[in-house]
Structures are given as structure tokens and as C-alpha cells.
Amino acid sequence: MGSGSSEAVILLVEDNPGDVRLIKEAFSDGNIANTLHTVTDGQAALDFINQRGEYEDAPRPDIVLLDLKLPGVDGEEVLHEIEHHSELDGTPVIVLTGMDEDLIESRDLDHDADEDAILEKPVDPGEFVEVIRSFDQFRLAVMRED
Numbered sequence: 001m002g003s004g005s006s007e008a009v010i011l012l013v014e015d016n017p018g019d020v021r022l023i024k025e026a027f028s029d030g031n032i033a034n035t036l037h038t039v040t041d042g043q044a045a046l047d048f049i050n051q052r053g054e055y056e057d058a059p060r061p062d063i064v065l066l067d068l069k070l071p072g073v074d075g076e077e078v079l080h081e082i083e084h085h086s087e088l089d090g091t092p093v094i095v096l097t098g099m100d101e102d103l104i105e106s107r108d109l110d111h112d113a114d115e116d117a118i119l120e121k122p123v124d125p126g127e128f129v130e131v132i133r134s135f136d137q138f139r140l141a142v143m144r145e146d
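For the sequence shown, UniProt numbering assigns the number 1 to the initial residue and increments by one for each residue that follows.
This is the structure in C-alpha cells:
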């Protein structure tokens with residue numbers, strides 16, 4: 001684990017403050033005590049995963065929750081960097097998007113089905129909280145078995 005403990009370190013890359021709040025509430029409501037680091041743009045995400053600048057002491061994330069539509073460096077570029085970063089090999093990346101399924105399928109996203117998932121952001125905030133909570137618990141259960 002990135003933190004050196006049994007607790008998974010989660011990096012959330014999301015520019016929408018409302019979605020950030022929902023995810024944090026889901027973690028709190030679900031009694032998920034994992035460390036959640038939040039950055040709001042693609043450049044900050046690249047700095048975090050490469051441990052540069054203000055993030056030079058940042059832990060390596062065990063899970064990345066990534067919005068595709070980000071200001072500046074977009075989520076697809078961040079995803080590409082993660083997939084080609086030797087120290088992040090095998091790190092699960094959960095792409096969070098408001099795009100509909102047809103648009104998602106038309107994008108050229110190279111995902112290994114065992115490591116990555118694409119979740120469409122539900123319009124209903126309660127449903128969004130449930131999706132994040134249930135996926136996170138599943139992923140952490142898988143990680144703890146190793």
C-alpha cells in the first residue's frame with residue numbers, strides 16, 4: 001500500500017466541488033477510513049503521482065478516482081501517465097465521468113479490465129454516493145486479500 005499500512009491511499013482527481021463533497025460524504029457515511037487525497041486538475045494529479053513540487057512527499061496512491069474532464073491537462077493524459085508509470089503498474093484507476101455510455105465507448109481508452117473501471121456519474125446524488133461506496137468497499141476487499 002502507498003502509505004505502508006493496511007489502509008489503501010486513494011487519490012481523487014476531480015474539479016467539481018460538488019462531486020468531491022459527495023465522494024467525501026460517501027466515505028464518511030460508509031465508515032471508510034482510507035486516506036483520501038484530492039487534487040482538482042490534471043497537472044496537480046501528474047505532480048502528485050510523480051511526487052513533484054508541493055507533492056514531493058506524497059504517498060503512492062493505491063487507487064485513483066479520476067474525472068476525465070479536467071481543466072488544463074485532461075484526465076485521459078493523466079490516465080496515460082499512470083498506465084506508463086513503472087511504480088504505478090497495476091494501480092486501479094476508476095474513471096468517473098458524466099459522459100453517456102456511447103460517448104465513453106467511442107473514446108480510445110486503453111483499459112485492462114482487471115485493473116480499471118469506468119463509472120458514469122449518476123445524476124442522483126444519493127445514487128452517486130452508493131456507487132462510490134460499494135465500488136470502494138469491493139476494491140479494498142480485493143486489495144486486502146493479497
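Backbone N, C-alpha and C fix where the C-beta goes; we use that ideal spot for every residue, glycine too.
Under the three-state reduction of DSSP output, residue 89 falls in the coil class, being neither helix nor strand. In this structure, the straight-line span from the alpha carbon of residue 51 to that of residue 29 is close to 30 Å. The continuous stretches of beta strand (DSSP E) do not include residue 84, and DSSP gives it neither H nor E. Counting C-beta pairs closer than 8 Å gives fewer than three between the region 17–24 and the region 43–60, which falls short of the contact rule. Taken in chain order, the complete beta strand (DSSP E) segments of 3 residues or longer contained in the region 8–90 are 9–13, 35–39 and 63–67. The beta carbon of residue 75 sits closer than 6 Å to the beta carbons of 66, 67 and 68 from its chain, once the five residues preceding and following it are set aside; these are given in chain order. For residue 79 against residue 15, the beta-carbon gap comes to about 15 Å, at or over 8 Å, which does not count as contact. Cβ contact annotation for residue 85 (same chain, cutoff 7 Å, sequence separation greater than five): 49, in chain order.
Our two residues, residue 57 and residue 72, have alpha carbons roughly 23 Å apart in a direct line.
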